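Have a look at the structure below before the remarks.
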Amino acid sequence: MKLRLIDSSGERGISGALNMGIDEAILGSVSRLEAEPTLRFYTWSPPCITVGYFQSLEDEVDLEVCRRSGVDAVRRLTGGGAVFHDAELTYSIILPLGHELAPDDILESYRRICSGLVAGLCHLGVTASFESINDIAVGGKKISGNAQTRRVSCLLQHGTILLDSDPEKMFSLLKVPAEKLKGKLIEDVKSRVTSLAFLLGRKVSAAEASAAIRQGCCEAWGAELAEGELSPAESAAASSLAAERFSSPAWNARR
Amino acid sequence: MIARKDYKVPGGKLIRVELEVEAGVVRRAAVRGDFFAHPEEAFERAEAGLVALRVEELPSAALRFFGQRGLAIFGAKPEDIAFTLEEAVREAQAD
Chain A
-1 MKLRLIDSSG ERGISGALNM GIDEAILGSV SRLEAEPTLR FYTWSPPCIT
49 VGYFQSLEDE VDLEVCRRSG VDAVRRLTGG GAVFHDAELT YSIILPLGHE
99 LAPDDILESY RRICSGLVAG LCHLGVTASF ESINDIAVGG KKISGNAQTR
149 RVSCLLQHGT ILLDSDPEKM FSLLKVPAEK LKGKLIEDVK SRVTSLAFLL
199 GRKVSAAEAS AAIRQGCCEA WGAELAEGEL SPAESAAASS LAAERFSSPA
249 WNARR
Chain B
372 MIARKDYKVP GGKLIRVELE VEAGVVRRAA VRGDFFAHPE EAFERAEAGL
422 VALRVEELPS AALRFFGQRG LAIFGAKPED IAFTLEEAVR EAQAD
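Chains as they are written, first to last, in my numbering: chain A, -1 to 253; chain B, 372 to 466.
Take a look at the structure:
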């Protein structure tokens, strides 16, 4: 199996709208057979909250606090819940349906793709396991969330590897049902979520994490990764999707 | 009347329903949450199908629409959505 690798984990992060635009632009080019199946690693600057396709950004996120804190907020193409993207490595993978990592069975495709992340975490000294539907956990605590959509005859899955976590900051940006619940929710997250920094007792950079995950993906998938970059057409499509879709109220406030 | 209900599916995701109801008829319906549905557009068509129904018809229609072949929902079952819709209406009517 050969995949194009686009790794920007060692560079300055990318805005939320552009990150989502790039993922969708690659989805388009892979669907039109203009690009090889692609694995991408990236980070976010400024930090960003994304919400799932079926969530209301307005209901889930305190947009005023985000604006004041310089945090972006974007609705994703994929389902799932709200995620605060700050100290994390993010990946996306775009495959034509029917690819060995993209069988008809959606849960099986999560399992197969996540096997690369699990193997990669092992290289960092972390014993993790896939937890259906869409999580990867270490000792029962979540370290990675993953979300998949299938459109234009392709699979797009993106997901996170937590480098560090800051539930207090996350909940300052999210709307919670009642302010008095906030403390309990923060404690819940602390008991259910972990990070590489917490597990290893040291800071792990996105670039270090992506090197390990790349290796894990090669082993677990039997993949050969060919370093590449976005084509000019993909870059242009990503910019216009970022501006016209992922920055627009018509998309972000649609649900 | 606006009818709202949040329901955390045991072992699953959170369903957040919001309905605008006028004279017993649904004028607007939103079924939101952190679940996954494939394809997403099929879910949205099922959701749009709730509009113009009488509130009593919601649970059975939800079972049919969200349980249709070709629509896969992860983290919530059609029964959970039907239940949330029914509870939203019941609570709003009780207010």
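Note that beta-carbon positions come from the ideal geometry of N, C-alpha and C, so glycine has one too. Note that the coordinates shown come from a computational prediction; the quantities given were computed from them, not determined experimentally.
Taking all protein chains shown into account, do 16 or more other C-beta atoms lie within 10 angstroms of the C-beta of residue i, making it buried, or fewer, making it exposed?
i: A:Arg74; result: buried
i: A:Pro230; result: exposed
i: A:Ala255; result: Given that chain A is displayed from residue -1 to residue 253, the structure contains no residue 255 of chain A and the question cannot be resolved.
i: A:Glu177; result: exposed
i: A:Gln146; result: buried
i: A:Lys182; result: exposed
i: B:Ile373; result: exposed
i: B:Ala455; result: What sits at residue 455 of chain B in the sequence shown is Thr, not Ala. Flag for B:Thr455 reads buried.
i: A:Lys140; result: buried
i: A:Ser7; result: buried
i: A:Lys201; result: exposed
i: A:Ala210; result: buried
i: B:Glu393; result: exposed
i: A:Gln53; result: buried
i: B:Ala419; result: exposed
i: A:Ser27; result: buried
i: A:Arg148; result: buried
i: A:Gly118; result: buried
i: A:Leu22; result: The sequence shown places Glu at residue 22 of chain A, not Leu. So A:Glu22 ends up on the buried side.
i: A:Gly68; result: exposed
Can you tell me whether DSSP reads residue i as helix, strand or coil?
i: B:Leu456; result: helix
i: A:Pro94; result: strand
i: A:Lys188; result: helix
i: A:Leu37; result: strand
i: A:Val28; result: helix
i: B:Ala394; result: coil
i: A:Gln146; result: strand
i: A:Glu242; result: helix
i: B:Phe445; result: strand
i: A:Phe52; result: coil
i: A:Ile4; result: strand
i: A:Glu232; result: helix
i: A:Gly14; result: helix
i: A:Ile131; result: coil
i: A:Val136; result: strand
i: B:Gly382; result: coil
i: B:Phe407; result: strand
i: B:Ala416; result: First, the residue type needs correcting, since residue 416 of chain B is Arg and not Ala in the sequence shown. Correct three-state label for B:Arg416: helix.
Flag residue i as yes if its beta-carbon sits less than 8 Å from any beta-carbon of chain B, otherwise no.
i: A:Arg73; result: no
i: A:Tyr51; result: yes
i: A:Asn147; result: The sequence shown places Thr at residue 147 of chain A, rather than the Asn named in the question. So yes, A:Thr147 belongs to the interface.
i: A:Phe47; result: Checking the sequence, you will find Ile at residue 47 of chain A rather than Phe. With 8 Å as the cut-off, A:Ile47 does not count as an interface residue toward chain B.
i: A:Gly14; result: no
i: A:Arg190; result: no
i: A:Asp54; result: The question names Asp, but residue 54 of chain A is Ser in the sequence shown. Yes, its Cβ sits closer than 8 Å to a Cβ of chain B.
i: A:Asp57; result: yes
i: A:Ile111; result: no
i: A:Ile92; result: no
i: A:Ile104; result: yes
i: A:Gly226; result: no
i: A:Gly68; result: no
i: A:Gly78; result: yes
i: A:Arg38; result: no
i: A:Ile4; result: no
i: A:Ile134; result: no
i: A:Arg243; result: no
i: A:Ile131; result: yes
i: A:Arg253; result: yes
So residue i and residue j are in contact, right, with Cβ under 8 Å, and what is the actual spacing, rounded?
i: A:Leu115; j: A:Ile134; result: 6 Å
i: A:Leu1; j: A:Leu37; result: 5 Å
i: A:Gly11; j: A:Thr41; result: 4 Å
i: A:Arg253; j: B:Arg403; result: 6 Å
i: B:Val460; j: B:Val422; result: About 14 Å; that fails the 8 Å criterion.
i: A:Ile159; j: A:Ser142; result: 5 Å
i: A:Ser90; j: A:Leu99; result: Actually they do not touch by this definition, with Cβ atoms about 13 Å apart.
i: A:Ile47; j: A:Val63; result: Not really, about 10 Å apart at Cβ, beyond 8 Å.
i: B:Ala463; j: B:Ile386; result: B:Ala463 to B:Ile386, Cβ: 16 Å. No contact.
Could you tell me whether any Cβ in chain A is nearer than 8 Å to the Cβ of residue i?
i: B:Ala374; result: no
i: B:Arg440; result: no
i: B:Asp451; result: no
i: B:Ala401; result: yes
i: B:Asp405; result: yes
i: B:Pro430; result: no
i: B:Glu391; result: no
i: B:Glu411; result: yes
i: B:Arg387; result: yes
i: B:Phe445; result: yes
i: B:Ala408; result: yes
- Segments of 4+ residues assigned as alpha helix (DSSP H) that fall wholly inside the region 192 to 230 of chain A: The region 192 to 230 of chain A contains these whole alpha helix (DSSP H) runs: 194 to 198 and 204 to 219.
- Quick one: complete alpha helix (DSSP H) runs, 4+ long, within the region 58 to 128 of chain A? Note on the region 58 to 128 of chain A: whole alpha helix (DSSP H) runs with a minimum of 4 residues are 61 to 67 and 104 to 121, in chain order.
- Unbroken stretches of the alpha helix (DSSP H), 4 residues or longer, contained in the region 148 to 186 of chain A: You should have 165 to 171.
- Message: Give me the subset of the region 154 to 166 of chain A whose CB atoms are less than 8 Å from a CB atom of chain C, sorted by chain position.
- Response: As a matter of chain content, chain C is missing from the structure shown, whose protein chains are A and B.
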